[in-house]
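**Q** Numbering (UniProt numbering), first residue to last: 1 to 421.
Positions of the beta carbon are idealized from the N, C-alpha and C atoms, including for glycine.
Keep in mind that this is a model prediction, so the values were computed, not measured.
One structure coming up, written as structure tokens, with questions to follow.
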């Protein structure tokens, strides 16, 4: 029998959107049914070319067309916790959904190898912490990292976050780049004098990323960093629902999320007021995720309950200061829902419940409840290495010592307050 009779059709990959959502594409053309059902723009089959109509007007890409999608495939590669990474690993990738490993594309030639590695590191290690459900779309990975490929300010902010996390994981072997951090702050100050940061998507994204750095570092810069964002948003008003792009919508939603957690830590009086008035609006990040993942409706209900319950516990303590025994049933209810959520394993973002754990742990008055939440926070710290969790546990010891004579909400917001998100 001739070899021609055995000819086979080459494997056709599914669309990019189904690959990102980790589901099997039905490969219909020009638009697959699964994208149609989700209301997504389907990229179709075949090769995805990496350019659009935009052309750079400055920098090393001047005169060249700008890429509009992520230049490298999200991978499962994570450096071992006991070994520092090396720059040459920046081109390592792993197979995703059975696809052939793929090297970083040459269109990133304007970015040095170390920075390429740090972009990939952020995608693999930081982005999973920030999401609600770690399946499919992740705005930090799928919107903000691609922006960093072409935007020097956002790229610098991503580098700052990645270096900070690496320095905490590997100690003195890889120190945080303080110079880059200082340059980033100066760039933001200079830009604020020439344009409105609220209308400058690069600056707003960089400010958002600085709060991720505070979550990672657990430094005492939280009040300075959040104070800048707070003053900016208060002066221009909170914007939601009128975004002109998917990126702008996502950044605005994440800023609302930052405010939900940060206001409570920044100042007791304003924190209680903000949570009472804007608490529901600030939960848009959960509603956004619910729309993306209708298959996880039950899990999303649990997550809404946990964060709403923690918010209400904070407000009750700050405004009414009830006897500790009155809130024991609320703390127990939170623990029971937490046990249900833990059954979902790594589906939820690693750092999603850090703030809620901290708030309810601070409210806990029984040793059983304190031990439970301390254990959850310790597990979180081991999984992510974020120093804010460790600093938060230290703060809890001081809060528990002051109970029941002092409202624990009044102990938040000092000069060394860390950002727990």
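Looking at the strands, I want to know which residues DSSP matches up with residue 348.
**A** Paired residues: 133.
**Q** Fully enclosed by the segment 240-309, which alpha helix (DSSP H) runs are 4 residues long or longer?
**A** 246-266, 268-278, 284-292, all fully within the segment 240-309.
**Q** Taking all protein chains shown into account, decide if residue 345 is buried (16 or more other Cβ within 10 angstroms of its Cβ) or exposed.
**A** Exposed is the call here.
**Q** Nearest to residue 389 by CA position, among 407, 366, 353, is which residue?
**A** Per the Cα distances, 353.
**Q** Where residue 361 and residue 396 are concerned, what is the direct C-alpha to C-alpha distance, given to the nearest angstrom?
**A** Computed Cα separation, rounded: 7 Å.
**Q** Does the beta-carbon of residue 138 have 16 or more other beta-carbons within 10 angstroms, so that it is buried, or is it exposed?
**A** Answer is buried; the Cβ neighbour count reaches 16.
**Q** Roughly how many whole angstroms lie between the Cα atoms of residue 253 and residue 188?
**A** Taking the straight line from one Cα to the other gives about 21 Å.
**Q** I'd like to know whether the C-beta atoms of residue 180 and residue 161 end up nearer to each other than 8 Å.
**A** Not closer than 8 Å, so no.
**Q** Please classify residue 156: is it buried, with 16 or more other beta-carbons within 10 angstroms of its beta-carbon, or exposed?
**A** It counts as buried.
**Q** Classify residue 421 as buried or exposed, calling it buried when 16 or more other Cβ atoms lie within 10 Å of its own Cβ.
**A** Residue 421 is buried by the Cβ-count criterion.
**Q** Taking all protein chains shown into account, do 16 or more other C-beta atoms lie within 10 angstroms of the C-beta of residue 323, making it buried, or fewer, making it exposed?
**A** Exposed, by the Cβ-count rule.
**Q** Are residue 263 and residue 275 closer than 8 Å when you measure CB to CB?
**A** In this structure, residue 275 lies closer than 8 Å to residue 263 by Cβ.
**Q** So the candidates are 415, 327, 332, 42; which of them puts its Cα closest to the Cα of residue 368?
**A** Here the closest residue by C-alpha is 332.
**Q** Could you check which residue in 411, 119, 306 has the C-alpha nearest to that of residue 356?
**A** The shortest C-alpha separation from residue 356 is found at 306.
**Q** Let me know the secondary structure DSSP gives residue 182 once reduced to three states.
**A** Helix, per DSSP.
**Q** Going by the beta-carbon positions, is the gap between residue 129 and residue 419 smaller than 8 Å?
**A** No, the pair does not count as a contact, with Cβ atoms beyond the cut-off.
**Q** When the cut-off is 8 Å and only beta carbons count, does residue 246 lie next to chain C?
**A** Looking for chain C here will not work: only one protein chain is present.
**Q** Leaving aside the five residues before and after residue 410 along the sequence, list all residues of the same chain whose C-beta is less than 7 Å from its C-beta, in chain order.
**A** Excluding sequence neighbours, residue 410 sits near 268.
**Q** Between the alpha carbons of residue 370 and residue 255, how many angstroms are there, rounded?
**A** About 30 Å.
**Q** Out of 18, 166, 154, which has the shortest C-alpha to C-alpha gap to residue 126?
**A** Ranking the options by Cα distance to residue 126, first place goes to 166.
**Q** Can you name, in chain order, every residue of its own chain whose Cβ lies under 6 Å from the Cβ of residue 470, other than the five neighbours on each side?
**A** The requested residue 470 is not part of the displayed model; the chain covers only 1 to 421.
**Q** Can you give, in chain order, each stretch of the alpha helix (DSSP H) that sits fully within the UniProt domain "Zn(2)-C6 fungal-type" (14-43) and has at least 4 residues?
**A** Counting only runs of 4 or more, we get 16-20, 33-38.
**Q** Is the beta carbon of residue 218 closer than 8 Å to that of residue 35?
**A** No, they are not a contact pair.
**Q** Does DSSP put residue 378 in a helix, in a strand, or in coil?
**A** Helix.
**Q** Does the ligand GTP have a heavy atom nearer than 7 Å to the CB of residue 290?
**A** No copy of the ligand GTP occurs in the structure displayed, which carries no ligand at all.
**Q** When you compare only the Cα positions, how much space is there between residue 377 and residue 151?
**A** Rounded to the nearest angstrom, the two C-alpha atoms are 35 Å apart.
**Q** Can you give the beta carbon distance from residue 442 to residue 261, rounded, assuming they're within the 8 Å contact cut?
**A** Residue 442 lies beyond the range of the chain shown here (1 to 421); nothing can be said about it.
**Q** Residues in the same chain with beta-carbon distance under 8 Å from residue 321, minus the five sequence neighbours each way, listed in chain order, please.
**A** Cβ within range, chain order: 407.
**Q** Mind checking residue 211: buried by the 16 CB within 10 Å criterion, or exposed?
**A** Answer is buried; the Cβ neighbour count reaches 16.
**Q** Excluding the 5 residues preceding and the 5 following residue 441 in the sequence, name in chain order all residues of the same chain whose CB lies nearer than 7 Å to its CB.
**A** This structure cannot speak to residue 441, because the chain is shown only from 1 to 421.
**Q** Measuring alpha carbon to alpha carbon, tell me which of 168, 170, 221 ends up nearest residue 185.
**A** Cα-wise, what sits closest to residue 185 is 221.
**Q** Compute the Euclidean distance between the alpha carbons of residue 113 and residue 339, then round it to the nearest angstrom.
**A** Cα to Cα, the separation comes out at about 43 Å.
**Q** When you compare the CB positions of residue 20 and residue 142, do they come within less than 8 Å of one another, or not?
**A** Against a cut-off of 8 Å, the Cβ pair of residue 142 and residue 20 comes out as a contact.
**Q** Here's the rule: buried if 16 or more other CB atoms are within 10 angstroms of the residue's CB, otherwise exposed. What is residue 202?
**A** By the neighbour-count rule (16 or more Cβ atoms within 10 Å), residue 202 is buried.
**Q** Could you give the DSSP three-state label for residue 343: helix, strand or coil?
**A** Residue state, collapsed to three classes: coil.
**Q** Enumerate, from N- to C-terminal direction, the unbroken alpha helix (DSSP H) stretches of 4 or more residues contained entirely within the segment 383-409.
**A** Fully enclosed alpha helix (DSSP H) runs of 4 or longer: 387-402.
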